[in-house]
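Asker:
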Amino acid sequence: MGQLHVFFFPMMAHGHMIPTLDIAKLFAARGVKSTIITTPLNVHYFQKSVERTNQLGFEMGIKTIKFPAAAAGLPEGCESVDQITSDDMIPNFFKATTMLQDPLERILDEVRPDCIVADMFFPWATEAAAKFGIPRLVFHGTSFFALCASENLRLYKPHREVSSDDEPFLVPDLPHQIKLTKMQLPQHERSESETDFARLVVRMKESELLSYGVIVNSFYELETEYADYYRDVLKRRAWHIGPVSLCNREIEDKAQRGKEASIDEHECLKWLDSKKLNSVIYICFGSVAKFDASQLYEIAMGIESSGQQFIWVVRRGENENASEEWLPAGFEERMKDKGLIIRGWAPQVLILDHEAVGGFVTHCGWNSTLEGISAGVSMATWPVFAEQFYNEKLVTEILRIGISVGALKWKTRTTSGGVTREQIGKAVRRVMVGKEAEEMRNRAKEFKEMAKKAVEEGGSSRTNLNDIIHELSSYRT
Ligand code: UDP
Numbered sequence: 002m003g004q005l006h007v008f009f010f011p012m013m014a015h016g017h018m019i020p021t022l023d024i025a026k027l028f029a030a031r032g033v034k035s036t037i038i039t040t041p042l043n044v045h046y047f048q049k050s051v052e053r054t055n056q057l058g059f060e061m062g063i064k065t066i067k068f069p070a071a072a073a074g075l076p077e078g079c080e081s082v083d084q085i086t087s088d089d090m091i092p093n094f095f096k097a098t099t100m101l102q103d104p105l106e107r108i109l110d111e112v113r114p115d116c117i118v119a120d121m122f123f124p125w126a127t128e129a130a131a132k133f134g135i136p137r138l139v140f141h142g143t144s145f146f147a148l149c150a151s152e153n154l155r156l157y158k159p160h161r162e163v164s165s166d167d168e169p170f171l172v173p174d175l176p177h178q179i180k181l182t183k184m185q186l187p188q189h190e191r192s193e194s195e196t197d198f199a200r201l202v203v204r205m206k207e208s209e210l211l212s213y214g215v216i217v218n219s220f221y222e223l224e225t226e227y228a229d230y231y232r233d234v235l236k237r238r239a240w241h242i243g244p245v246s247l248c249n250r251e252i253e254d255k256a257q258r259g260k261e262a263s264i265d266e267h268e269c270l271k272w273l274d275s276k277k278l279n280s281v282i283y284i285c286f287g288s289v290a291k292f293d294a295s296q297l298y299e300i301a302m303g304i305e306s307s308g309q310q311f312i313w314v315v316r317r318g319e320n321e322n323a324s325e326e327w328l329p330a331g332f333e334e335r336m337k338d339k340g341l342i343i344r345g346w347a348p349q350v351l352i353l354d355h356e357a358v359g360g361f362v363t364h365c366g367w368n369s370t371l372e373g374i375s376a377g378v379s380m381a382t383w384p385v386f387a388e389q390f391y392n393e394k395l396v397t398e399i400l401r402i403g404i405s406v407g408a409l410k411w412k413t414r415t416t417s418g419g420v421t422r423e424q425i426g427k428a429v430r431r432v433m434v435g436k437e438a439e440e441m442r443n444r445a446k447e448f449k450e451m452a453k454k455a456v457e458e459g460g461s462s463r464t465n466l467n468d469i470i471h472e473l474s475s476y477r478t
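Heads up, the sequence shown is in the numbering used here, so the first residue is 2 and it goes up one at a time.
1) Looking at ligand 1, does it come within less than 7 Å of Cys149, judged from the CB to the closest heavy atom?
2) I'd like to know if the region 341 to 349 and the region 452 to 469 are in contact, where contact means that at least 3 CB-CB pairs between them fall below 8 Å.
3) Is the separation between the beta-carbon of Arg113 and that of Phe133 shorter than 8 Å?
4) Which runs of the beta strand (DSSP E) spanning at least 3 residues fall entirely within the region 76 to 156, listed in chain order?
5) Measuring CA to CA, which of Cys116, Ser246, Ser151 and Asp23 is closest to Glu472?
6) Quick one: grab the DSSP three-state call for Ile66.
7) Indicate, with yes or no, if ligand 1 has a heavy atom lying under 7 Å from the CB of Cys285.
8) Could you check whether the Cβ of Glu152 sits closer than 7 Å to any heavy atom belonging to ligand 1?
9) Quick one: does the C-beta of Ala381 sit closer than 7 Å to a heavy atom of ligand 1?
10) With the cut-off set at 8 Å, would you say Ile282 and Ile425 are in Cβ contact?
11) Checking 8 Å against the spacing of the C-beta atoms, do Arg442 and Ser379 come in under that value?
12) Within 7 Å: the Cβ of Gly366 and any heavy atom of ligand 1?
13) What do you get for Glu458, buried or exposed, if any count of 16 or more other CB atoms within 10 angstroms of its CB means buried?
14) As an exercise, report each continuous alpha helix (DSSP H) stretch of at least 4 residues that is fully enclosed by the region 339 to 385, in chain order.
15) What is the DSSP secondary structure of Val434, counted as helix, strand or coil?
16) Within a Cβ cutoff of 6 Å, which residues of the same chain sit near Lys260, ignoring the five residues on either side of it in sequence?
17) Cβ-heavy atom distance between Ile374 and ligand 1 below 7 Å?
18) Would you identify the three-state DSSP class for Leu42, choosing helix, strand or coil?
19) His355: buried (16+ other C-beta within 10 angstroms of its C-beta) or exposed?
20) With a threshold of 7 Å on Cβ separation, who are the neighbours of Gly74 within its own chain once the five nearest residues in sequence on each side are excluded?
21) Kindly say whether Gln310, judged by its beta-carbon, lies nearer than 8 Å to any beta-carbon of chain C.
22) Tell me the rounded alpha-carbon separation between Ala256 and Ala30.
23) Tell me the rounded alpha-carbon separation between Pro329 and Ser50.
24) Please give the ranges of any alpha helix (DSSP H) in the region 385 to 463, keeping only runs that are unbroken, at least 4 residues long and fully inside the region.
25) Run through DSSP, which three-state label would Met13 get?
26) On a Cα-Cα basis, can you pick out the residue from Arg155, Cys365 and Ile312 that is closest to Arg200?
27) DSSP three-state label for Ala239, please.
28) Relative to the C-alpha of Val139, which residue among Ser295, Phe8, Ala445 and His177 is closest?
29) Could you check how far apart the C-beta atoms of Val358 and Thr382 are, in whole angstroms? I think they sit under 8 Å.
30) Ends of the beta strand (DSSP E) at Gln310?
31) Determine the burial state of Arg250: buried for a count of at least 16 other Cβ atoms within 10 Å of its Cβ, exposed for fewer.
32) Identify whether Ile179 lies in helix, strand or coil by the three-state DSSP scheme.
33) Counting Cβ pairs, one atom from each stretch, are 3 or more of them under 8 Å apart for the region 33 to 41 and the region 7 to 22?
34) Quick one: what does DSSP say Gly3 is sitting in, helix, strand or coil?
35) What is the residue span of the alpha helix (DSSP H) that Gly287 lies within?
36) According to the neighbour-count rule (16 or more other Cβ atoms, all chains shown, within 10 Å of its Cβ), is Thr335 buried or exposed?
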C-alpha cells in the first residue's frame with residue numbers, strides 16, 4: 002500500500018489558512034503526504050512552512066487553483082478575505098469561491114488523493130470528492146461550543162420569541178444555561194430574509210452530516226460536554242486534534258504564521274525579556290476586524306488609564322496607516338517604556354507564549370482564543386463578528402478564564418467598536434491585577450497544561466489524530 006495522500010483546502014482567510022497549515026503539518030508528521038490547495042497569491046503564506054516540513058523528511062506540497070477574482074466582480078489581486086476593502090465586496094468573494102469547484106474536481110481527477118479536508122465555506126467539496134469516491138472532511142475552525150450553540154440556534158430559533166434586540170434568551174438544550182441577545186447573533190441568523198449567505202450556512206451545516214466527518218481544532222478536556230454533545234446529540238462524526246498551533250515549537254515556526262510580522266521577532270522577544278512575569282497585556286483583534294480611528298483612540302486612552310504595560314497590534318487600511326489621527330497626542334512618547342505598538346502583523350503565538358505576557362484582549366476568533374488558552378493567559382473578551390460572541394461565552398461563563406470588555410453588538414468587519422475608554426481601562430485592570438485576575442490566570446494555566454498533554458503521545462488529541470489517519474487508511478483499502 003502506498004503512502005496516504007490528503008488534500009487540505011482552506012478558505013482564503015488567515016483564520017482558516019493558519020490552522021489548516023498546522024493540521025497539514027500534523028498529518029505530514031504522522032507519515033501522510035499532505036498537499037495544500039490554494040490560489041496563486043496565497044502560496045507564499047504556506048511556502049516556508051512546507052519547505053521546513055520537507056527538510057525534516059516529511060512529505061508536503063502545494064497545488065494552486067486560479068482565483069476567479071475578475072469573473073466574480075472583484076479587483077484583480079484580491080484573493081484573501083483581509084484584502085476585501087469594503088463590506089459590499091463580501092458576496093463577490095463568496096461567489097468567487099463557489100467557482101472553485103470545477104478546478105478542484107480537475108485536480109482531484111488528476112491526482113486522486115485518498116481524502117480531502119476542505120473548509121466549511123466550501124460545502125460543494127463533499128459532492129466534488131464523492132465524484133471520485135474520496136471522503137471529504139469538514140474543517141470549521143471553531144470550538145465545539147460554538148458549533149453546538151449555532152446549530153441549536155438554527156434548529157430552535159429562540160431569538161424569534163423575544164420582543165427586543167437586547168432581551169436575553171436562552172440558547173436551547175445546551176449543557177449550560179447560556180444567554181445571548183439578538184444583537185449578538187450573526188447577521189444571517191438574526192435576519193428573517195433568505196440571503197445567499199444564509200443559504201450557504203444551511204448548506205455548510207448539512208455538509209457536516211453529508212461528509213465523512215468534521216475535524217475540530219480543540220481538545221476534549223477543554224470542552225468535554227460540548228465535544229460529547231456534538232457527537233452524541235447532534236450526531237456529528239468528529240475528530241478533535243487541537244490545539245493545532247502547538248505543533249509550532251521553534252521560534253521560527255511560531256513567528257512565521259500567516260503574514261510576515263511587522264516587527265523583528267528577536268526585537269520583540271528582547272522587549273518582552275525586559276519585563277516581569279505576567280506584567281504585559283497583549284491586545285489584538287485577529288486578521289480581519291478593523292476599528293475606526295475613534296475606537297482606536299478610545300483603546301489608547303483606556304490602555305493608558307489602566308497603567309498596565311502592553312503590546313497593541315493595530316491594523317488599518319493601507320492608506321490609513323500614514324495618518325495617525327487615531328493616536329492621542331504624545332501617546333507613544335508617554336508610553337515609550339510601557340508599551341509597544343505593532344502596526345500591521347504581530348508574531349502572535351511567540352508573544353502569547355512569553356512568560357511576561359499575563360493577559361490578552363481578544364476578539365475571540367477561535368484561533369486567538371485557543372492560542373491564549375494554550376499560553377495560559379487570562380482574557381478580556383471583545384467579540385466583533387462571526388461566531389465570536391459564542392466563544393466569549395465559553396471563555397467567560399464556562400471556562401471562567403476571562404471577563405467581557407462589554408461589546409454588546411455583532412458588527413461587520415470594519416467597525417466603530419462601541420466600547421468606551423472607561424470599559425477598556427477597567428477590563429484591562431481586572432484581567433491583569435488583583436485576586437480575580439490571579440484566579441482566572443491560574444485556571445487558564447491548568448488548561449494550558451491540559452492542552453500540552455492532549456497533543457502529546459497518548460493524549461486525547463493525538464489519539465484522535467492517529468484514529469482518523471488510521472480510519473482513512475482503512476477506508477482506502
Ligand atoms: N494573527 C497573527 N498576527 C496578527 C493577527 C493575527 O499571527 O497580527 C494570527 C493569530 O495568531 C491567529 C489568526 O491570525 O492564528 C487569526 O485567527 P482568529 O481565528 O483568531 O481570528 P480571525 O482573523 O479569523 O478573525
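C-beta: ideal position from N, C-alpha, C; glycine also. Just so we're clear, the structure is a prediction, and the values are computed from it rather than from any experiment.
Answerer: This is what the structure gives:
1) For ligand 1, not one heavy atom lies less than 7 Å from the Cβ of Cys149.
2) no
3) yes
4) Within the region 76 to 156, the complete beta strand (DSSP E) runs of at least 3 residues are 116 to 120 and 137 to 140.
5) Cys116
6) coil
7) yes
8) no
9) no
10) no
11) yes
12) yes
13) exposed
14) Segments of the alpha helix (DSSP H) lying fully in the region 339 to 385: 349 to 353 and 367 to 376.
15) coil
16) Trp346
17) no
18) In this structure, DSSP gives Leu42 a helical state, which the three-state scheme calls helix.
19) Classification of His355: buried, given that the 10 Å Cβ count is 16 or more.
20) Asn93
21) Note that chain C does not occur in the displayed structure, where there is just one protein chain.
22) 20 Å
23) 39 Å
24) Qualifying alpha helix (DSSP H) stretches, in chain order: 389 to 394, 422 to 433 and 436 to 456.
25) Of the three classes helix, strand and coil, the one that applies to Met13 here is coil, per DSSP.
26) Arg155
27) DSSP, read as helix, strand or coil, puts Ala239 in strand.
28) Phe8
29) The pair is not a contact, with the Cβ atoms about 16 Å apart (cut-off 8 Å).
30) Element bounds for Gln310: Gln310 to Val315.
31) By the neighbour-count criterion, in which 16 or more other beta carbons inside 10 Å mark a residue as buried, Arg250 falls on the exposed side.
32) coil
33) yes
34) coil
35) Looking at the DSSP string, Gly287 is not in any alpha helix (DSSP H), and its letter there is neither H nor E.
36) Before going on, a small fix: residue 335 reads as Arg here, not Thr. Exposed.
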